[in-house]
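Under the numbering used here, read the sequence shown as residues 10 to 194, first letter to last. We treat Cβ as the ideally placed atom computed from N, Cα and C, and that holds for glycine. Some notes on the structure that comes next.
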Amino acid sequence: MIDPFVVRLDLEEGILTPLPERVVRRLSDLRGLVYDEELLARELARGDPIIYEVRKLAIPQKQGQLFVNVTFLKAGKIGKEYYFTKGHFHINEKAAEVYLGLRGQGVLLLRRGTDTRVIEMDRGTLIYIPPGWGHRTINVSQETLVFLSVYPADAGHNYERVRSEGMGLRVFATAKGKGYEIVNS
Ligand code: PAN
Ligand code: ZN
């Protein structure tokens with residue numbers, strides 16, 4: 010059981026108060042997921058920076074509960090590929106999710122079988138991800154991308170499926186270095 014509770018969400022910065030548990034993902038967590046694995050290995054030889062972090066409200070992982078998270082995805086590229094979240098399918102195929110963009114400019118890739126979708130995400134974009142769609146977020150801007158996620162606490166995350174099957178699409182910087190292009194991959 011859990012009592013009703015209230016926290017503050019700074020809608021400009023995405024900061025929750027009090028600050029909840031932090032999960033950190035580093036460059037090394039993108040092994041097996043990036044377009045250019047050799048380049049990734051060379052960059053890792055120089056260091057293993059944080060790529061994104063997720064702040065998670067403390068909610069029991071029980072059916073009927075909802076997880077509430079804020080993701081902070083840094084700006085940057087591995088070669089021409091913009092930084093992205095690992096991406097996953099929910100293990101519970103009945104589990105949908107809502108994303109709300111708070112800051113920065115991103116792209117949400119969705120995949121179900123061979124069906125793929127590309128949704129631009131910025132402040133105020135509210136995206137409904139129906140059950141069964143794999144999802145990955147890409148930061149295509151020069152500032153940190155911040156978004157809120159709400160999803161069933163019993164959703165579970167299958168990362169292996171994205172690792173083995175990919176998302177079908179990738180998001181690269183254009184040759185001029187500004188903007189982005191979507192490529193099949
Ligand atoms: C989000 C993601 C978060 C980090 O809360 O978990 O943005 O992405 P990865 O989980 O792919 O590393 C969500 O979709 N939860 O279900
Ligand atoms: Zn999810």
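Determine the DSSP secondary structure at residue i, reduced to helix, strand or coil.
i: leucine 48; result: helix
i: arginine 40; result: coil
i: alanine 182; result: strand
i: glutamate 21; result: coil
i: glutamate 174; result: helix
i: glutamate 129; result: strand
i: glutamate 30; result: strand
i: leucine 75; result: strand
i: glutamate 152; result: coil
i: glutamate 169; result: helix
i: leucine 135; result: strand
i: leucine 157; result: strand
i: leucine 118; result: strand
With a Cβ-Cβ cutoff of 7 Å, do residue i and residue j count as a contact?
i: valine 127; j: isoleucine 191; result: yes
i: valine 149; j: tyrosine 91; result: yes
i: histidine 97; j: tyrosine 44; result: no
i: proline 140; j: alanine 105; result: yes
i: glycine 177; j: arginine 121; result: no
i: leucine 157; j: leucine 109; result: yes
i: glutamate 21; j: alanine 84; result: no
When you measure from the CB of residue i to every non-hydrogen atom of the ligand ZN, does any distance come out below 6 Å?
i: glutamate 106; result: yes
Alpha carbon to alpha carbon, what distance is there between residue j and residue i?
i: threonine 123; j: asparagine 101; result: 20 Å
i: arginine 179; j: glycine 188; result: 14 Å
i: glycine 88; j: valine 155; result: 22 Å
i: valine 159; j: arginine 145; result: 15 Å
i: leucine 82; j: threonine 94; result: 7 Å
i: isoleucine 147; j: leucine 48; result: 19 Å
i: isoleucine 138; j: glutamine 72; result: 19 Å
i: asparagine 78; j: histidine 99; result: 15 Å
i: phenylalanine 134; j: glycine 23; result: With the sequence shown as reference, residue 134 is identified as threonine, and phenylalanine is not the correct amino acid for it. C-alpha separation (whole angstroms): 14 Å.
i: arginine 17; j: methionine 130; result: 23 Å
i: leucine 212; j: phenylalanine 14; result: The structure shown has nothing for residue 212, since the chain only spans 10 to 194.
Please indicate yes or no: does the CB of residue i lie closer than 6 Å to some heavy atom of the ligand PAN?
i: lysine 95; result: yes
i: valine 33; result: no
i: threonine 80; result: yes
i: serine 158; result: yes
i: valine 63; result: yes
- Message: Quick test of the definition: if touching needs 3 or more C-beta pairs under 8 Å, does the stretch 52-68 touch the stretch 17-33?
- Response: yes
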